[in-house]
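K.L.:
Structure below; questions to follow.
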Amino acid sequence: MKHAALALFLMASPALAEVHEVKMLNRNDQGSMIYEPQFLRIAPGDSVRFLPTQPGHNAATVEGMLPEGAEPFRSKINQEFEVTFDVPGTYGIKCSPHFAMGMVMLVQVGDGAISPIPEGLPKRASERFVEIAAAAKD
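Those letters in the sequence shown? Residues -17 to -1, 1 to 121, by mature numbering (1 follows the signal peptide of the UniProt record, and there is no 0).
Shown next, in the form of structure tokens:
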């Protein structure tokens, strides 16, 4: 009986993972070319569904802004896209066409601290990453 209960629990465990939705927007009350929300703290195994709420956007990892062992991704423009985050750490996400305009977000997987923002990013993207990280620490 105990083994049956354990097996049932283990089979149900993946169902406990959450799916978080992120809107890709041209504008909202926080500015233009923006993800809503701009920051997510999720558990390993959770997924994020990127919704093309307004046209012209995608979601892609920023080179140098993902944990070791994590796989980079890049969605198609104007396509809904869902990705599961299994590796703990900080993921920088960008809209490829609007990266230089600062269309970025952070996904923090697990309870660790947010990784430092690397140098060499487009100015507006770097500024927004710093703003997002600072707000997430509050």
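From the three backbone atoms N, C-alpha and C, an ideal C-beta is built for every residue, glycine too.
Rounded to whole angstroms, what is the Cα-Cα separation between Val79 and Val31?
P.N.:
In the sequence shown, counting from the first residue as 1, residue 79 sits at position 96. In the sequence shown, counting from the first residue as 1, residue 31 sits at position 48. According to the sequence as given, residue 79 is Ser; it is not Val. It is roughly 17 Å from the alpha-carbon of Ser79 to the alpha-carbon of Val31.
K.L.:
Could you compute how far the alpha carbon of Gly14 sits from the alpha carbon of His40?
P.N.:
Taking the sequence shown and counting its residues from 1, the one referred to as residue 14 is at position 31. Taking the sequence shown and counting its residues from 1, the one referred to as residue 40 is at position 57. When rounded, the distance between both Cα atoms is 15 Å.
K.L.:
Expressed to the nearest angstrom, what Euclidean distance is found between the alpha-carbon atoms of Met16 and Asp69?
P.N.:
By 1-based counting over the sequence shown, the position of residue 16 is 33. By 1-based counting over the sequence shown, the position of residue 69 is 86. For Met16 and Asp69, the distance between alpha carbons rounds to 27 Å.
K.L.:
Cα separation between Ala119 and Gly85?
P.N.:
Locating residue 119 in the sequence shown gives position 136, counting from the first residue. Locating residue 85 in the sequence shown gives position 102, counting from the first residue. Answer to the nearest angstrom: the Cα atoms are 17 Å apart.
K.L.:
List in chain order: all unbroken beta strand (DSSP E) runs of 3+ residues lying wholly within the stretch 29 to 109.
P.N.:
30 to 34, 64 to 67, 72 to 77, 87 to 92
K.L.:
CB-CB under 8 Å to Leu34, same chain, minus the five flanking residues each way: which ones, in chain order?
P.N.:
Residue mapping note: residue 34 aligns to position 51 of the sequence shown, counting from 1. Closer than 8 Å at Cβ, skipping near neighbours: Glu4, Val5, Lys6, Met7, Glu63.
K.L.:
Under 9 Å between the Cβ atoms of Met48 and Pro105?
P.N.:
Taking the first residue of the sequence shown as 1, we reach residue 48 at position 65. Taking the first residue of the sequence shown as 1, we reach residue 105 at position 122. In this structure, Pro105 does not lie closer than 9 Å to Met48 by Cβ.
K.L.:
I need the boundaries of the beta strand (DSSP E) containing Glu4, first residue and last residue.
P.N.:
As a position in the sequence shown, residue 4 is number 21, starting the count at 1. Element bounds for Glu4: 2 to 11.
K.L.:
Name the residue from Pro50, Ala43, Ala116 whose alpha carbon lies nearest to the alpha carbon of Asn61.
P.N.:
If you number the sequence shown from 1, residue 61 lands on position 78. Checked all of Pro50, Ala43, Ala116; the closest Cα to Asn61 is Ala43.
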